[in-house]
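Numbering of the sequence shown is given in our numbering, commencing with residue 7 and proceeding in unit increments.
Glycine residues also receive a C-beta, built at the ideal position from the N, C-alpha and C atoms.
Below is one structure, written out as structure tokens; the observations come after it.
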Amino acid sequence: MALRLTAASRASFFTSLSVVMTPLVEAAVRKEMPKPRHIYGSLISFLGIYFISREGLINSSISPLGDGLAFTAAFFFASYIVTLGIESPKYDTKGLTSAVRVCNGIICSSWALIVIALGLKSGSTVVVESILRSGVLVWTGIALLIAMLGASGLLQVWGQKKINPNDSALIFSLVPVWSALIGVTMFK
């Protein structure tokens, strides 16, 4: 929703701040100061995010609602990372992953049903309606996507059992780097 209300560069900047927020959220939850390496990593990440987004931030107008939604999303993602880091060692990886995916499915399905019931047409509802009318190839792709999401969820929960939430957030900040490398190597 934030992307409908603010520029992509601004939304990218604010959502990328989850890396910076994670040590702050963890410090608030655990009531202890973050380690210096997490502070330095967050500062370096913030500078990188700023320099990547700087031109778009300067050249686009402020959208209080769109920027606020993107910032709120970053906060909740940082909170999710911290919560998962604290709680994942206590539970079975498959069970916790299943619970997270089921909750996500319920929330997203509820939102979609509300949007459809209210008759609000958006890009996503148009896409969903076209998928429902499409053939086997699309449904095969959706099944593959669901399997990949399940596998990535298992890997995330398993990985977060092994490392600190702040390290997880820094790894997440490398997603654009990995995307670029995959794009360059696979799609020359």
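Short Cβ contact (8 Å threshold) for residue i with residue j
i: residue 181; j: residue 103; result: no
i: residue 88; j: residue 35; result: yes
i: residue 48; j: residue 29; result: yes
i: residue 33; j: residue 39; result: yes
i: residue 11; j: residue 72; result: yes
i: residue 151; j: residue 99; result: no
i: residue 167; j: residue 95; result: yes
i: residue 174; j: residue 101; result: no
i: residue 31; j: residue 105; result: no
i: residue 59; j: residue 179; result: no
Under the three-state DSSP convention, the category residue i falls into
i: residue 10; result: helix
i: residue 126; result: coil
i: residue 58; result: helix
i: residue 178; result: helix
i: residue 193; result: coil
i: residue 40; result: coil
i: residue 18; result: helix
i: residue 45; result: helix
i: residue 68; result: coil
i: residue 75; result: helix
i: residue 23; result: coil
Closest residue to residue i among the options (Cα-Cα distance)
i: residue 153; options: 107, 191, 167; result: 107
i: residue 176; options: 44, 39, 33; result: 44
i: residue 7; options: 114, 143, 191; result: 114
i: residue 55; options: 183, 188, 189, 190; result: 183
i: residue 170; options: 158, 53, 86; result: 86
i: residue 93; options: 112, 165, 46; result: 165
i: residue 9; options: 37, 74, 57; result: 74
Problem set entry | Segment contact flag, the stretch 20–35 with the stretch 73–80, C-beta cutoff 8 Å, min 3 pairs | In the pairwise beta carbon analysis, the stretch 20–35 is classified as touching the stretch 73–80: at least three pairs are separated by under 8 Å.
Exercise. Below 8 Å, can you find three or more Cβ-Cβ pairs linking the stretch 20–39 to the stretch 80–89?
Worked result: yes
Exercise. Taking contact to mean at least 3 C-beta pairs separated by less than 8 Å, is the stretch 66–74 in contact with the stretch 133–140?
Worked result: no
Exercise. Which whole runs of the alpha helix (DSSP H) in the stretch 95–174 are 4 residues long or more, in chain order?
Worked result: 99–123, 129–138, 142–168
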